[in-house]
Structure formats: structure tokens, C-alpha cells
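Enquirer:
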Amino acid sequence: MRGKQIRMERIMDRNTGRTIIVPMDHGVTAGPMNGLIDMGRTVDCIAEGGANAVLGHLGLALYGHRRWGRDIGLILHLSASTTLGPDPNEKVLVNTVTNALKMGADAVSVHVNIGAGSEARMLEDLGKVAVECMEWGMPLLAMMYPRGPSIEDERGVEAVALAARAGAELGADLIKTVYTGDPDTFREVTRGCPVPVVVAGGSKTGEAATLAMIEGAIEGGAAGISIGRNVFGHPHPAQFLRAAAAVVHQGRSAEEAMEMMEL
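Note that this note's numbering numbers the sequence shown so that position 167 is 167, with each residue one more than the last.
1. For Asp-71, count neighbouring Cβ atoms within 10 angstroms of its own Cβ and tell me buried if that reaches 16, exposed if not.
2. How is Tyr-145 classed by DSSP in three states: helix, strand or coil?
3. Do the CB positions of Ile-21 and Ser-226 come within less than 8 Å of each other?
4. Report the start-end ranges of each beta strand (DSSP E) in the segment 91–123 that is 3 residues or longer and not cut off at the edges.
5. Ends of the beta strand (DSSP E) at His-77?
6. Within the same chain, show all residues whose beta-carbon is closer than 6 Å to that of Ser-79, passing over the 5 residues directly before and after it, in chain order.
7. Apart from the five residues on each side of it in sequence, which residues of its chain come closer than 6 Å, Cβ to Cβ, to Met-264?
8. Note down, in chain order, each residue of its chain lying with its Cβ closer than 8 Å to the Cβ of Gly-148, except the 5 sequence neighbours on either side.
9. Can you check the segment 204–237 for any beta strand (DSSP E) of at least 3 residues that lies completely inside it and give the ranges in chain order?
10. Could you tell me the distance, in whole angstroms, from the CA atom of Ala-172 to the CA atom of Met-134?
11. How far does the alpha helix (DSSP H) with Leu-162 in it extend, from its first residue to its last?
12. Counting only runs of 4+ residues fully inside the segment 18–91, write out the alpha helix (DSSP H) ranges in chain order.
13. Can you look up Val-131 in the DSSP assignment and give me helix, strand or coil?
14. By how many angstroms is the C-alpha of Gly-56 removed from the C-alpha of His-26?
15. Could you check the C-alpha separation between Cys-73 and Met-39 for me, to the nearest Å?
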């Protein structure tokens, strides 16, 4: 387990115990989009902004690796689907833990949609990957979303809390899930989960709304953020990340962070 501890320190801040992860796995899901055309340049901006890690598929390591700039943690995503598939909520494994080790990854991630028609198989995949991660000392981030025909409210506290707890129970070291909308309800999620929880960014929103969401999540016990489109799709990713880091790692308010954006 010492290997997990060492690798976790590469993707989380040692002093705050929190993390800023920027997912860049959208190229498989939705194809090329603004901010993901030149992945190396985007990774450089993200690293300069102070993020702790980037997350993506094998292509991120193959085509986004830089030989310059600040270092940054690498989380390789092992599951995928596309928006053109018959069921975009059905995630299948497309990479392995051992290959992620060979590629120099500091952690791996798996996506599970709780409530989807293929939930059982995705949970099975998560459990198998977790056991393999324990064998190799590889940290595992589980993206646990309440999403599917049986879910009435994808941000409902009961569904989100169940999703987060399921991921932890099956061996994940870090959970990524949706924000429930306010600190009090999100605190129910974090209190019920024995491993750190980070919040997803969701669809693209304005700077003020995103920073307010980050502030609320941290107040509700979140261990950080995992935000993609609102970072790599921003005109100035490094500047926005510095503002987000002020909230996550320095305890600044969203209002104070917005003032940083205006400088």
C-alpha cells in the first residue's frame, strides 16, 4: 500500500490534502473540441495554472506528453463510451492497470453510472480494477454518477450519496461525483463516504457560477474538484485555475477568487 500512498501524493496537495484535477477525456466521448485540439499546449496551461493532475485516455499520454514546463500528475482513464453509441451511459473498459503503469500514470480512473441499464457490469468492472490496483499499488479514482432511467434527480442527495459510497465500498481511493447544489446536502455525501470526494464541473458555465460551486463544495467537505470544460474551454485556463486554486487550497471565497480573475 506504500506505493498507493506515494502515488496519491503526486495527484493531491500534501499540505492541504485537496486536489485540482482537470479531466481531458472528452475526445473519446464527444470528439475534438475547443481546448483539446493541441493537448500538449493545454496540459502546459493547466500545469502553469497550478492543477495537481490531468486525467484522460491513452491518447493523453501518447499525444499530450510534453518535454518541458511544470510537472503534473497523470491519471489514465480506463473506461469509455461515445455520444453516438446506442447507450452513452454504458461504459466499457478500454485500458488496463498494468498498461497505465507502463505509461507512467500516477493513478487510474473508472466511470460507473449508477441506475443505468448496464450498472451491474460497470460495478463488476470497477471491483476487478480495484483489486488489480491494490495488487500494484495504483490509486483508483471512481467517477460515480447517478445517471439512468431509474434516477429521478441526478443531483438528489440520496442518489449521490449512494453512488459515492458504492465506489468507496468497492475499493476506490478517490470518488468523483456531482455537486448536490448546496453545502449542507453535499456534506451528507462526504460524511457518508470513507474516502475523499471531489466534485465534477458538469456543463460549461460562467466563471462566477463555477467558483461559487467550488466554494460550496469545499464548505460541504469536498477534497477538491475535477473540472474539465470550464477549464480547458476557458480563454485563459491558467488564470482561471489560479483563481480556483485560491478557493480549493487557500480557503478563499468565490468573490475573492473572482477579483483575482479581474486583475
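Backbone N, C-alpha and C define an ideal beta-carbon position, used for all residues, glycine too.
Expert: Here's the rundown:
1. In the sequence shown, counting from the first residue as 1, residue 71 sits at position 71. By the neighbour-count rule (16 or more Cβ atoms within 10 Å), Asp-71 is not buried but exposed.
2. For the purposes of this step, residue 145 is taken as residue 145 along the sequence shown, with counting starting at 1. The answer is strand: DSSP assigns Tyr-145 an E or B state.
3. Against the sequence shown, residue 21 aligns to sequence position 21. Against the sequence shown, residue 226 aligns to sequence position 226. Cβ distance < 8 Å, so Ile-21 and Ser-226 count as in contact.
4. Secondary structure in the segment 91–123: the beta strand (DSSP E) runs of 3 residues or longer, each lying completely within the stretch, are 107–114 in chain order.
5. Residue 77 sits at position 77 when you count from the first residue of the sequence shown. Per DSSP, His-77 belongs to the beta strand (DSSP E) from 73–77.
6. As a first step, residue 79 must be located in the sequence shown, where it is residue number 79. The residues are Lys-91, Leu-93, Val-110, His-111.
7. Only positions 1 to 263 of the chain appear in this structure, which leaves residue 264 out of reach.
8. Position 148 of the sequence shown holds residue 148. Sequence-distant Cβ neighbours of Gly-148 in its own chain, meaning closer than 8 Å and more than five residues away, are Asn-89, Asn-113, Ile-114, Gly-115, Ala-116, Gly-117, Glu-119.
9. Fully enclosed beta strand (DSSP E) runs of 3 or longer: 224–226.
10. Stepping through the sequence shown from its first residue, residue 172 is reached at position 172. Stepping through the sequence shown from its first residue, residue 134 is reached at position 134. Roughly 10 Å between the two C-alpha positions.
11. The residue given as residue 162 occupies position 162 in the sequence shown. Leu-162 -> alpha helix (DSSP H) spans 157–169.
12. List check, alpha helix (DSSP H) in window: 26–30, 39–49, 58–63.
13. On the sequence shown, residue 131 is found 131 positions in, with the first residue counted as 1. Of the three classes helix, strand and coil, the one that applies to Val-131 here is helix, per DSSP.
14. Here residue 26 is taken as the residue at index 26 of the sequence shown, counted from 1. Here residue 56 is taken as the residue at index 56 of the sequence shown, counted from 1. Put simply, the backbone Cα of His-26 is about 8 Å away from that of Gly-56.
15. Start at 1 with the first residue of the sequence shown, and residue 73 comes out as number 73. Start at 1 with the first residue of the sequence shown, and residue 39 comes out as number 39. Looking at the sequence itself, residue 73 is Gly, so the reference to Cys does not match. One C-alpha to the other measures close to 15 Å.
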